[in-house]
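Numbering (this note's numbering), first residue to last: 39 to 527.
Glycine included, C-beta positions come from ideal geometry on N, C-alpha and C.
See below for the structure under consideration.
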Ligand code: XIL
């Protein structure tokens, strides 16, 4: 994810968690080339305009929760019912959202004419092929990703004794991927499962399966981790999903994309502030796990509001698993996910608020100055994230540096060669004033003083120094406006 120091790229983004209060998940995800998704309930979509709005503004990817399952597309043989699936795909297209198609081959949600044993093996195989190809072709170009095979494994890592394994043999998996590829060569094809997010026998089985399928040339592009999770009751000291990032990296090592496809984190009802805080922390961990792995291309929540979660009926006594509450208001988990998405590298100009002049990088080893804004390369700075809210600040390959790691007020701030891990080259971006605005203090992490123009000068070429932190001055002489912060569209 890092930006090369030698050739800083201009990337628009948000500097840190605090800047994001009014910025939607979708905006933040888009700014970093990431997909944040939600499953969509057809019935909620039909009746609830508040739900529609949240879906539209918060997410840039959608997954039909049930509408594309075979039982809902062809309950009676030969009578196809595409209405609900079409409605979701049409709306997503209109809203410029990606669609993850879910799901082509599963042992659940099958029409009875498929499961009742009346079809011969050849007929069953043909029916599956037709189902896959009809569905994928119908949405070719509009559904970018398919969960082709869902939940194919047992807990012990062996193949599940589904109707597909029993009747068609283990080759059904490779066949399904090949049929889907034939129907839409441009769609990304995933295998998707649960309880493979940490080191389980199932994870081993899935790993070997994907590795072997790839070795045989089976067109499998990605692995989806459902990530249905819970906060145990009482709340344990160790929260779940500690191994999710390792798992994502492990599978990415096979040369496939990975995704979190059905994230929800239920709590024992009734929920309370402590449970929701533990849930929020676990959401943070899941989001950070994914955005920290370059091949983790999307994170989808399974239901985005407690108002319509499958958990209520699926797991009685448990619930409140989602980012928004039953009134579509943001829960603590929302802010955590938002701050993870906001926390990224970015670049732009750095303007002294009191003078309107631009921070300017001089020749190597020289002190920084403010000077009239020219749009020149010496006024473009890359903020490269080191840790939450902590960044290096570079221009032309040189790092903003407090000379000699001095902790004294008045120490010069110069452009020096970047050396990893030097706190005098790392700055906390502390937001000033209104949250969501573009104004920050730049605070060297070895001193926690403030980068400022010497003496609060408004003069052209006035030098920049490390100043004693002043909590407020008028005009604000220790505040910098960062142009790289995205605004609400
Ligand atoms: C669930 C839906 O959320 C429910 O509405 C439905 O009754 C059953 O299926 N893994 C999956 C999803 O891959 O398709 C499931 O969705 C949840 C578990």
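**OP:** Would you list the residues sitting across from residue 328 in a DSSP beta bridge?
**Re:** Residue 328 is bridged by DSSP to nothing; it lacks a bridge partner.
Original post:
Are the Cβ atoms of residue 397 and residue 421 separated by less than 8 Å?
Top reply: Here residue 397 is not near residue 421, since their CB atoms are 8 Å or more apart.
Original post:
Start and end of the alpha helix (DSSP H) containing residue 370?
Top reply: Residue 370 -> alpha helix (DSSP H) spans 370 to 380.
**OP:** Would you kindly report the start and end of the unbroken beta strand (DSSP E) that includes residue 34?
**Re:** For the chain, the structure presents residues 39 to 527; residue 34 sits outside this window and is missing.
**OP:** Determine, using beta-carbon pairs with one atom in the stretch 483 to 490 and one in the stretch 453 to 468, whether at least three such pairs fall under 8 Å.
**Re:** By the Cβ criterion, the stretch 483 to 490 is in contact with the stretch 453 to 468, since at least three pairs of Cβ atoms, one from each stretch, lie closer than 8 Å.
Subject >> Which listed residue (340, 417, 448 and 120) has its alpha carbon closest to that of residue 522 >> reply: Of 340, 417, 448 and 120, the residue nearest in Cα terms is 417.
**OP:** Determine the burial state of residue 276: buried for a count of at least 16 other Cβ atoms within 10 Å of its Cβ, exposed for fewer.
**Re:** Note on residue 276: under 16 other CB atoms within 10 angstroms of its CB, so exposed under the neighbour-count rule.
Subject >> Where residue 473 sits in the DSSP three-state scheme >> reply: Because residue 473 sits at a pLDDT of 48, beneath the cut-off of 50, its placement in the model cannot be relied upon, and the following sentence gives the value as read from the coordinates. In this structure, residue 473 counts as coil in the three-state DSSP scheme.
**OP:** May I ask you to report which of helix, strand or coil DSSP gives residue 127?
**Re:** Helix.
Original post:
Would the C-beta of residue 413 count as close to the ligand XIL, meaning under 7 Å from any of its heavy atoms?
Top reply: No.
**OP:** Could you check which residue in 268, 218, 317 and 270 has the C-alpha nearest to that of residue 259?
**Re:** Distances from the CA of residue 259 to each of 268, 218, 317 and 270 were compared; the closest alpha carbon is that of 218.
**OP:** Please confirm whether any heavy atom of the ligand XIL lies closer than 7 Å to the CB of residue 236.
**Re:** The ligand XIL has no heavy atom closer than 7 Å to the beta-carbon of residue 236.
Subject >> Simplified DSSP state of residue 294, which is helix, strand or coil >> reply: Of the three classes helix, strand and coil, the one that applies to residue 294 here is coil, per DSSP.
**OP:** May I have the straight-line CA-CA distance separating residue 278 from residue 377, to the nearest angstrom?
**Re:** So the two alpha carbons sit approximately 20 Å from each other.
**OP:** Kindly confirm or deny that the stretch 328 to 346 and the stretch 292 to 301 touch, where touching means at least three C-beta pairs closer than 8 Å.
**Re:** By the C-beta criterion, the stretch 328 to 346 is judged to be in contact with the stretch 292 to 301, since at least 3 inter-stretch pairs fall below 8 Å.
**OP:** Would you mind stating whether residue 99 and residue 138 have Cβ atoms separated by less than 8 Å?
**Re:** Their beta carbons are under 8 Å apart, which means residue 99 touches residue 138 by this criterion.
Subject >> Cβ pair residue 434, residue 408 closer than 8 Å >> reply: Between residue 434 and residue 408, the C-beta spacing is not below 8 Å.
**OP:** Output yes or no for whether 8 Å exceeds the beta carbon distance between residue 347 and residue 355.
**Re:** Not closer than 8 Å, so no.
Subject >> Runs of alpha helix (DSSP H) lying entirely within the stretch 479 to 510, each at least 4 residues, in chain order >> reply: Counting whole runs of 4 or more residues, the stretch 479 to 510 contains no alpha helix (DSSP H) stretch at all.
Original post:
Can you find at least 3 beta carbon pairs, one from the stretch 170 to 183 and one from the stretch 196 to 204, that sit closer than 8 Å?
Top reply: Taking a cut-off of 8 Å on C-beta distances, the stretch 170 to 183 does not touch the stretch 196 to 204, as fewer than three cross pairs fall below it.
Original post:
Rounded to whole angstroms, how far is the Cβ of residue 383 from the Cβ of residue 423, which I believe are closer than 8 Å?
Top reply: For a cut-off of 8 Å, the C-beta gap from residue 383 to residue 423 is around 5 Å, short enough to register as a contact.
Subject >> Buried or exposed by the 16-neighbour rule on C-beta atoms within 10 Å, applied to residue 455 >> reply: Residue 455 is exposed by the Cβ-count criterion.
Subject >> Backbone secondary structure at residue 342 - three-state DSSP >> reply: Residue 342 falls in the coil class under three-state DSSP.
**OP:** For the stretch 222 to 229 and the stretch 178 to 189, state whether three or more C-beta atom pairs, one from each stretch, are separated by less than 8 Å.
**Re:** At 8 Å Cβ cutoff, the stretches touch.
Original post:
Which partner residues of residue 102 appear in the DSSP bridge assignment?
Top reply: Beta-bridge pairing by DSSP links residue 102 to 78.
Original post:
From residue 209 to residue 76, what distance separates their C-alpha atoms?
Top reply: Residue 76 has its alpha-carbon roughly 31 Å from the corresponding atom of residue 209.
**OP:** Compute every distance between the C-beta of residue 145 and the non-hydrogen atoms of the ligand XIL, then say whether any falls below 7 Å.
**Re:** Incorrect: residue 145 has no Cβ contact closer than 7 Å to the ligand XIL.
**OP:** Spell out the partners DSSP gives residue 228 in its beta bridges.
**Re:** BP columns for residue 228 point to 185 and 260.
Original post:
Are there 16 or more other CB atoms within 10 angstroms of the CB of residue 365, so buried, or fewer, so exposed?
Top reply: Residue 365 is exposed by the Cβ-count criterion.
Original post:
How about residue 96: is its Cβ closer than 7 Å to a heavy atom in the ligand XIL?
Top reply: Annotation for residue 96 indicates a beta carbon at 7 Å or more from all heavy atoms of the ligand XIL.
**OP:** Under 7 Å Cβ to Cβ from residue 510, same chain only, skipping five residues before and after it: list those, please.
**Re:** Contacts found: none.
Original post:
Beta-carbon separation of residue 528 and residue 450 under 8 Å?
Top reply: The structure shown has nothing for residue 528, since the chain only spans 39 to 527.
**OP:** Decide if residue 115 is buried, meaning its Cβ has at least 16 other Cβ atoms within 10 Å, or exposed.
**Re:** Exposed, by the Cβ-count rule.
Original post:
In angstroms, rounded to a whole number, what distance separates the CA positions of residue 372 and residue 155?
Top reply: If I take the Cα positions, the gap works out to 46 Å.
Subject >> Per-residue burial, residue 230 [other beta carbons within 10 Å of its own, 16 or more giving buried] >> reply: When all chains shown are included, residue 230 counts as buried.
Original post:
Does the ligand XIL have even one heavy atom less than 7 Å from the beta-carbon of residue 348?
Top reply: Residue 348 has its Cβ nearer than 7 Å to a heavy atom of the ligand XIL.
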